[in-house]
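These protein sequences, in sequence, are chains D and Y.
Using the numbering used here, the letters of the first sequence correspond one by one to residues 1 to 210.
Using the numbering used here, the letters of the second sequence correspond one by one to residues 1001 to 1210.
Let me begin by presenting the structure, written as structure tokens, before commenting on it.
There are 2 protein chains.
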Amino acid sequence: MREAATAEARPYHHGDLRRALVDAARRILEAEGVGALSLRAVAREAKVSPAAPYHHFKDKGELLDAIAHEGWEDLDSAMANVRASARSPSEKMTAIGAAYVHFARENPALYRVMYDVARDKDSLPDHVQKNDDSAYCQVRQTIQERNDDASVSEIDLELATIAAWCAAHGLAEMLSFKQFEPLKEQLGGEENFLRAVLQHLGMFSKVHAP
Amino acid sequence: MREAATAEARPYHHGDLRRALVDAARRILEAEGVGALSLRAVAREAKVSPAAPYHHFKDKGELLDAIAHEGWEDLDSAMANVRASARSPSEKMTAIGAAYVHFARENPALYRVMYDVARDKDSLPDHVQKNDDSAYCQVRQTIQERNDDASVSEIDLELATIAAWCAAHGLAEMLSFKQFEPLKEQLGGEENFLRAVLQHLGMFSKVHAP
DNA sequence: GCAGCCATCTGAACGGTGTCAAGATAAATC
DNA sequence: GATTTATCTTGACACCGTTCAGATGGCTGC
Chain D
1 MREAATAEAR PYHHGDLRRA LVDAARRILE AEGVGALSLR AVAREAKVSP AAPYHHFKDK
61 GELLDAIAHE GWEDLDSAMA NVRASARSPS EKMTAIGAAY VHFARENPAL YRVMYDVARD
121 KDSLPDHVQK NDDSAYCQVR QTIQERNDDA SVSEIDLELA TIAAWCAAHG LAEMLSFKQF
181 EPLKEQLGGE ENFLRAVLQH LGMFSKVHAP
Chain Y
1001 MREAATAEAR PYHHGDLRRA LVDAARRILE AEGVGALSLR AVAREAKVSP AAPYHHFKDK
1061 GELLDAIAHE GWEDLDSAMA NVRASARSPS EKMTAIGAAY VHFARENPAL YRVMYDVARD
1121 KDSLPDHVQK NDDSAYCQVR QTIQERNDDA SVSEIDLELA TIAAWCAAHG LAEMLSFKQF
1181 EPLKEQLGGE ENFLRAVLQH LGMFSKVHAP
């Protein structure tokens, strides 16, 4: 989440309204979901007038951008943590896949905003491909480490990364659909279900055999 | 689409406004995208008052339901067509995966609505798991046919189906992000890219080896 | 054929939304 | 301390989803 800037009695040109707005937005998102996230509601939550946000964001889209941006950063560090505390390269791969899905499941509204923004502009945020610490680049690097004996072509590495990303994203979304509840229970909980599907997805457990 | 009910000079209690509204909605969706799809815009497009839709749909959500429902039906038949005109079981598998992605890419706004509705209610439409002709069940059946020599457990069949569904959905969404344009070109077009990723996803080309 | 009924459609309204222009207020600069 | 500049508020606008009272016209039973 980040530390809220609400503590110091606000200097009455509010200190850092931009931060406060994003925090307010994330609070609403967690408490009431994506449907309740209006600019006016955010302004209310931050105790400012409906027009105040326009001094910090060009429009609602830019506020959503900021929220989504934080979401991607949070995802980056969630995956970095897991990757740090992991063992063999191939276990790292399962761990990183599970970490992605966990993040999506623990922050459903935020995850929704992240991809809604992306879908609206037909583009993931730039930092995803450019920043070496990004979740996406971490996946690529993990695949490379796993395969570093058998040298893999640049292009196959990229394709494998995309494949893994597609699979993880798809799984994250499917897990939220109640259709699969029975199967989850049958396997003894969502975590088992998750790992079972990851295994069927192959690329998360071992090098794809020719 | 479906044949529009616009031909016969409308009997002035309009004939079939429900149909006309869904058609109007799909027209807007195709022409202006999901952001332009308001109830009022649909009513305008169908040349009725803003309140008229409420005699056929309880609220906007129900109209979206109807649109999404048609989308899933269209997906069902798109995949059925491909499956009918296909060769070996394992080729069928690639073909069906490609068909799913093609549908999503050719009807991006409709596909978006289908999943937006699902995300809002945390549920895919019931018909997906119940109707034997549904896209989902077609995937399951195709997997079963491919594996009918090596008998596969009920639960593994279901897991494999879900895995494939996750992968196809994930890929369909990723393909719309401009990040991957360079790679598409490098591989000589989206179709090649698509099939390359499907191949990396393993389950679409051959039985997952133990 | 006509009376009456009922489904359907319209018009006007309400509260909510995103957004903007004009003015008030406080912080920063000189 | 005066002036500039950034920030916030007030009030407005158009659009949205939704509702309700009333107009319209197709259907049913006589």
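Cβ atoms here follow ideal geometry from the backbone N, Cα and C, with glycine treated the same way.
Because the structure is a prediction, the values reported are computed rather than measured.
Exercise for the section: Just confirm the distance between the C-beta atoms of A135(D) and M79(D), as a whole number of angstroms; I'd bet it's less than 8 Å. Expected result: With a beta-carbon spacing of about 5 Å, A135(D) and M79(D) fall inside the 8 Å limit used to define contacts.
Practice task
Using a Cβ-Cβ cut-off of 7 Å, state whether S254(D) counts as contacting chain Y.
Solution key: This structure cannot speak to residue 254(D), because chain D is shown only from 1 to 210.
Practice task
Quick one: using the 10 Å Cβ neighbour count with 16 as the cut-off for buried, is R1087(Y) buried or exposed?
Solution key: exposed
Exercise for the section: Measure the C-alpha to C-alpha separation of E1185(Y) and R40(D) and round it to an integer number of angstroms. Expected result: 43 Å
Problem - Spatially closest choice to S1038(Y) from P1089(Y), S1085(Y), R1083(Y), V1113(Y), by CA coordinates - result: Measuring from the Cα of S1038(Y), the nearest candidate turns out to be V1113(Y).
Exercise for the section: Could you pull the start and end residues of the alpha helix (DSSP H) that H56(D) belongs to? Expected result: Note, H56(D): premise wrong, no alpha helix (DSSP H); not H, not E.
Handout entry: Test: I1162(Y) CB closer than 7 Å to a CB of chain D
Key = yes
Handout entry: Residue from D1120(Y), D1156(Y), T1094(Y) with nearest C-alpha to K1060(Y)
Key = Closest in alpha carbon position to K1060(Y), among D1120(Y), D1156(Y), T1094(Y), is D1120(Y).
Practice task
With DSSP as the reference, label L1064(Y) as helix, strand or coil.
Solution key: helix
Exercise for the section: Could you tell me which chain D residues have their CB closer than 9 Å to the CB of L1183(Y), listed as they occur along the chain? Expected result: I155, E158, L159, I162
Problem - Contacting positions in the segment 108-141 of chain D - beta carbon closer than 8 Å to chain Y - result: Only those residues of the segment 108-141 of chain D whose C-beta falls short of 8 Å from the nearest C-beta of chain Y are listed: R112, Y115, A118, R119, D120, D122, S123, L124, V128, Q129.
Practice task
Please classify R232(D): does DSSP put it in a helix, a strand, or coil?
Solution key: What is shown of chain D runs 1 to 210, which leaves residue 232(D) out entirely.
Practice task
Quick one: using the 10 Å Cβ neighbour count with 16 as the cut-off for buried, is L1201(Y) buried or exposed?
Solution key: buried
Handout entry: CA-to-CA distance, Y100(D) to D116(D), given in whole angstroms
Key = 17 Å
Practice task
Report the neighbours of W1165(Y) on chain D: residues whose CB is nearer than 8 Å to its CB, in chain order.
Solution key: Within 8 Å Cβ-Cβ: G170, M174.
Problem - Own chain residues within Cβ distance below 7 Å of L21(D), not counting five before or after - result: V42, A46, P53, H56, L63
Handout entry: Start-to-end residues for the alpha helix (DSSP H) that takes in G170(D)
Key = 154-174
Practice task
Using a cut-off of 7 Å between C-beta atoms, extract the partners of A196(D) located in chain Y.
Solution key: L1159
Practice task
Check whether the Cβ atoms of R146(D) and S77(D) lie closer than 7 Å to each other.
Solution key: no
Practice task
Going by CA-CA distance only, name the one from D126(D), I96(D), V48(D) that's closest to G15(D).
Solution key: V48(D)
Exercise for the section: Look up L1124(Y) in the DSSP assignment and say whether it is helix, strand or coil. Expected result: DSSP places L1124(Y) in coil when its eight states are reduced to three.
Practice task
List the residues of chain D whose Cβ lies closer than 8 Å to the Cβ of F1180(Y), in chain order.
Solution key: I162
Problem - Cβ pair A1109(Y), V1034(Y) closer than 7 Å - result: yes
Exercise for the section: Compare the beta carbon distance of L1124(Y) and A196(D) with 7 Å and say whether it is the shorter of the two. Expected result: no
Practice task
Report the neighbours of F1177(Y) on chain D: residues whose CB is nearer than 7 Å to its CB, in chain order.
Solution key: A118, D122, S123, L124
Practice task
Select from G97(D), D74(D), G188(D) the residue whose C-alpha is nearest the C-alpha of A164(D).
Solution key: G97(D)
Practice task
Measure the Cβ-Cβ separation of D1122(Y) and K178(D) and say whether it is below 7 Å.
Solution key: yes
Practice task
For Q1129(Y), I'd like the list of residues in its chain whose CB is within less than 7 Å of its CB, leaving aside the five on either flank, ordered along the chain.
Solution key: Y1136
Problem - Option nearest N217(D) by Cα separation, candidates Y111(D), E73(D), G188(D) - result: Coverage of chain D is limited to positions 1 through 210, which leaves residue 217(D) absent and any answer about it impossible.
Exercise for the section: Say whether chain D places a C-beta atom closer than 7 Å to the C-beta of L1075(Y). Expected result: no
Exercise for the section: State buried or exposed for L1189(Y), treating a residue as buried only when at least 16 other CB atoms are found within 10 Å of its CB. Expected result: It is Gly, not Leu, that sits at residue 1189(Y) in the sequence shown. Burial call: exposed.
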